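Inspection log for the structure reproduced underneath, given as structure tokens.
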Amino acid sequence: MKLVIATRNAHKLEEIRSIFDFKNLEVRSAFDFPEIPDVVEDGDTLEANAIKKSVEIAKATGCWAMADDSGLEVAELDGAPGVYSARYAGEYCSYSDNNEKLLRELAGKSNRSAQFRTVIALSDPEGNVQTQEGACPGKIIEELRGTNGFGYDPLFVPEGYIETFAQLSSEVKNCISHRARALQKAHDVWSGIIGS
Ligand code: IMP
Numbered sequence: 007m008k009l010v011i012a013t014r015n016a017h018k019l020e021e022i023r024s025i026f027d028f029k030n031l032e033v034r035s036a037f038d039f040p041e042i043p044d045v046v047e048d049g050d051t052l053e054a055n056a057i058k059k060s061v062e063i064a065k066a067t068g069c070w071a072m073a074d075d076s077g078l079e080v081a082e083l084d085g086a087p088g089v090y091s092a093r094y095a096g097e098y099c100s101y102s103d104n105n106e107k108l109l110r111e112l113a114g115k116s117n118r119s120a121q122f123r124t125v126i127a128l129s130d131p132e133g134n135v136q137t138q139e140g141a142c143p144g145k146i147i148e149e150l151r152g153t154n155g156f157g158y159d160p161l162f163v164p165e166g167y168i169e170t171f172a173q174l175s176s177e178v179k180n181c182i183s184h185r186a187r188a189l190q191k192a193h194d195v196w197s198g199i200i201g202s
């Protein structure tokens, strides 16, 4: 059985490989299929994008495929930026543009609750797909703190901590993050299908 991990992000690949053993599988990544174009992430939800990526890659390669999509969901903003997290401040915006916009939108608001959420989809070569998800609850603080990580990390304090994701080490973040929780769940539920 062959499994393609539908990402060209080396960091994500490493994180997935650290959780799954993939004993009985030939594992490939999108790096091994340069001829396949990137899937356009135009879904309205994290689920839709994860499903679209895994099904398109599975059908294009004839292999099983795993894909994920993540976003930051802020309660006071009705779940925004959510599926639009990467381009919250505009099509070609930077992480810092996104963080500035988030601080502007939350200025003067007392409810700063938020969560990061990841959806992982697994598709067989025919496009039969299932999903698992993981979330990391926390809050958005009022100024940037820390330099580790990426994206909204300097503004997000996970529940049970006083540091932001950007102040925590990658070891700690990778234990409690939305992605880690989704991957752990996927591992628990799917290990019978794709190995432990
Ligand atoms: P992706 O689906 O993993 O590419 O994530 C989409 C966007 O969500 C990223 O471009 C970031 O803006 C945001 N995001 C996802 N995961 C994280 C995280 O762990 N820390 C900070 N921002 C994140």
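In this note's numbering, the protein residues as written are 7 to 202.
For each residue, glycine too, the CB sits at the ideal point set by N, CA and C.
Quick caveat: nothing in here was measured; it's all calculated off a predicted structure.
{"Check": "Could you give the DSSP three-state label for S102: helix, strand or coil?", "Outcome": "helix"}
{"Check": "Can you list, in chain order, the residues of its chain whose CB lies under 7 Å from that of A56, leaving out five sequence neighbours each side?", "Outcome": "A73, D74, D75, V125, I126, A127, T137"}
{"Check": "From S102 to S91, what distance separates their C-alpha atoms?", "Outcome": "12 Å"}
{"Check": "Among residues of its own chain, excluding the 5 on either side of A86, which ones have a beta-carbon nearer than 7 Å to its beta-carbon?", "Outcome": "V80"}
{"Check": "Applying the criterion that 16 or more other CB atoms from any shown protein chain within 10 Å of the CB defines a buried residue, is P43 buried or exposed?", "Outcome": "exposed"}
{"Check": "Taking the Cβ atom as the reference point for each residue, do V135 and S60 lie within a distance shorter than 7 Å?", "Outcome": "yes"}
{"Check": "Taking DSSP as the reference, what is the three-state secondary structure of V45?", "Outcome": "coil"}
{"Check": "Apart from the five residues on each side of it in sequence, which residues of its chain come closer than 6 Å, Cβ to Cβ, to S197?", "Outcome": "none"}
{"Check": "For the beta strand (DSSP E) that L9 lies in, which residues bound it at each end?", "Outcome": "8-11"}
{"Check": "Taking 6 Å as the cut-off, does the CB of S76 come closer than this to any heavy atom belonging to the ligand IMP?", "Outcome": "yes"}
{"Check": "When the Cα atoms are used, what is the spatial distance from L78 to D38?", "Outcome": "30 Å"}
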